[in-house]
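Single-structure report; data block below.
Numbering (the numbering used here), first residue to last: 3 to 286.
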């Protein structure tokens with residue numbers, strides 16, 4: 003009897019091991035997929051946060067490299083230029099960290115943008131109207147700049163607001179709001195573009211995308227809309243804004259895996275056109 007019982011236990015153990023191995027393999031597979039999604043989301047968050055930094059750095063660089071003698075010959079601009087240069091260095095260091103997929107805290111990102119915008123706007127409010135007019139006229143001569151909407155053009159907006167005697171603090175808030183909302187607006191425009199592509203595929207019977215998927219994307223875009231409005235109304239917290247970006251990317255990655263939507267790849271192609279995301283190398 004003892005021998006029979008021992009044999010039964012041995013047989014059961016043999017059947018039990020493969021099941022355990024399968025569970026471990028499945029668990030390991032899910033863990034790798036989860037890690038891959040997490041890395042992908044972090045990379046997107048880092049790269050999208052470079053957008054406002056890049057916009058501000060380009061505007062600052064134009065100002066620093068402008069013909070100072072021509073634009074500001076009657077103003078003492080060098081102390082202001084020195085402050086702008088200092089903030090440019092800090093912003094460049096932060097951008098380099100983000101490019102290496104090293105995240106910075108929400109408050110750090112917001113405060114660095116705020117300090118940079120403040121020094122940039124202060125410059126235009128501290129020079130003479132004659133210098134501002136000369137600067138604006140020069141911008142108008144550049145076709146690549148003059149065609150843009152002046153109120154949201156980083157190069158001309160602060161000079162125009164100073165000429166209109168708009169309160170400096172209001173000008174700083176407006177510029178910062180426009181700059182800080184750029185990543186969310188990028189996500190929103192990418193999501194809308196992806197939705198239009200999927201609607202086209204559906205209309206051409208190329209793909210029958212479930213209505214539920216369209217609904218989930220529409221809901222995500224609605225949440226982005228609300229976050230953008232909050233920034234425009236100056237009623238937001240940086241940590242919540244970063245949370246919105248994170249949740250958007252995570253939900254899009256999940257939606258892609260479940261429905262084949264492809265919005266995450268679409269965003270990556272727009273955001274990193276000269277890079278090949280690692281997940282695409284493995285795509286069949």
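Where a beta carbon is used, it is the ideal one built from N, C-alpha and C, also for glycine.
Alpha carbon to alpha carbon, how far is residue j from residue i? Give it in angstroms, no decimals.
| i | j | result |
| --- | --- | --- |
| residue 168 | residue 159 | 11 Å |
| residue 82 | residue 131 | 16 Å |
| residue 182 | residue 260 | 32 Å |
| residue 154 | residue 258 | Only weak support is given to the placement of residue 154: the predicted model assigns it a pLDDT of 49, under 50, and the value that follows is read from those uncertain coordinates. So the two alpha carbons sit approximately 34 Å from each other. |
| residue 79 | residue 125 | 8 Å |
| residue 90 | residue 48 | 19 Å |
| residue 195 | residue 187 | 12 Å |
| residue 33 | residue 249 | At residue 33 the pLDDT is 49, less than 50, meaning the model places this residue with poor confidence; the figure from the coordinates comes in the next sentence. If I take the Cα positions, the gap works out to 19 Å. |
| residue 41 | residue 253 | 14 Å |
| residue 221 | residue 44 | 22 Å |
| residue 104 | residue 165 | 40 Å |
| residue 56 | residue 217 | 33 Å |
| residue 233 | residue 111 | 15 Å |
| residue 106 | residue 96 | 8 Å |
| residue 265 | residue 185 | 16 Å |
| residue 244 | residue 235 | 17 Å |
| residue 189 | residue 163 | 28 Å |
Please classify residue i: is it buried, with 16 or more other beta-carbons within 10 angstroms of its beta-carbon, or exposed?
| i | result |
| --- | --- |
| residue 102 | exposed |
| residue 269 | buried |
| residue 51 | buried |
| residue 65 | buried |
| residue 2 | For residue 2 there is no data in the structure shown, the boundaries of the chain being 3 and 286. |
| residue 274 | exposed |
| residue 94 | exposed |
| residue 246 | buried |
| residue 133 | buried |
| residue 231 | exposed |
| residue 63 | exposed |
| residue 87 | exposed |
| residue 121 | buried |
| residue 228 | exposed |
| residue 180 | buried |
Are residue i and residue j close, meaning C-beta to C-beta below 7 Å?
| i | j | result |
| --- | --- | --- |
| residue 251 | residue 100 | no |
| residue 59 | residue 116 | no |
| residue 199 | residue 108 | no |
| residue 193 | residue 223 | yes |
| residue 123 | residue 173 | yes |
| residue 197 | residue 219 | yes |
| residue 68 | residue 157 | no |
| residue 170 | residue 127 | yes |
| residue 161 | residue 137 | yes |
| residue 39 | residue 255 | yes |
| residue 114 | residue 140 | no |
| residue 191 | residue 263 | no |
Classify residue i as helix, strand or coil using the three-state DSSP reduction.
| i | result |
| --- | --- |
| residue 79 | coil |
| residue 238 | coil |
| residue 169 | coil |
| residue 264 | coil |
| residue 156 | coil |
| residue 51 | coil |
| residue 161 | helix |
| residue 176 | helix |
| residue 185 | helix |
| residue 66 | helix |
| residue 254 | helix |
| residue 230 | helix |
| residue 129 | coil |
| residue 197 | helix |
| residue 33 | Since pLDDT at residue 33 reaches only 49, below the 50 mark, its modelled position is unreliable, and the value read off the structure follows with that caveat. Helix at residue 33. |
| residue 10 | With a pLDDT of 48 at residue 10, under the threshold of 50, the modelled position of this residue cannot be trusted, and the question is left open. |
Looking at the C-beta of residue i, does it have a partner C-beta in chain B at a distance below 7 Å?
| i | result |
| --- | --- |
| residue 197 | In summary, chain B is missing from the structure at hand, where a single protein chain is found. |
Mind pulling the alpha helix (DSSP H) runs of 4 or more residues that sit fully within the segment 75-121?
Residue ranges of uninterrupted alpha helix (DSSP H) with 4 or more members, entirely inside the segment 75-121 and ordered along the chain, are 80-101.
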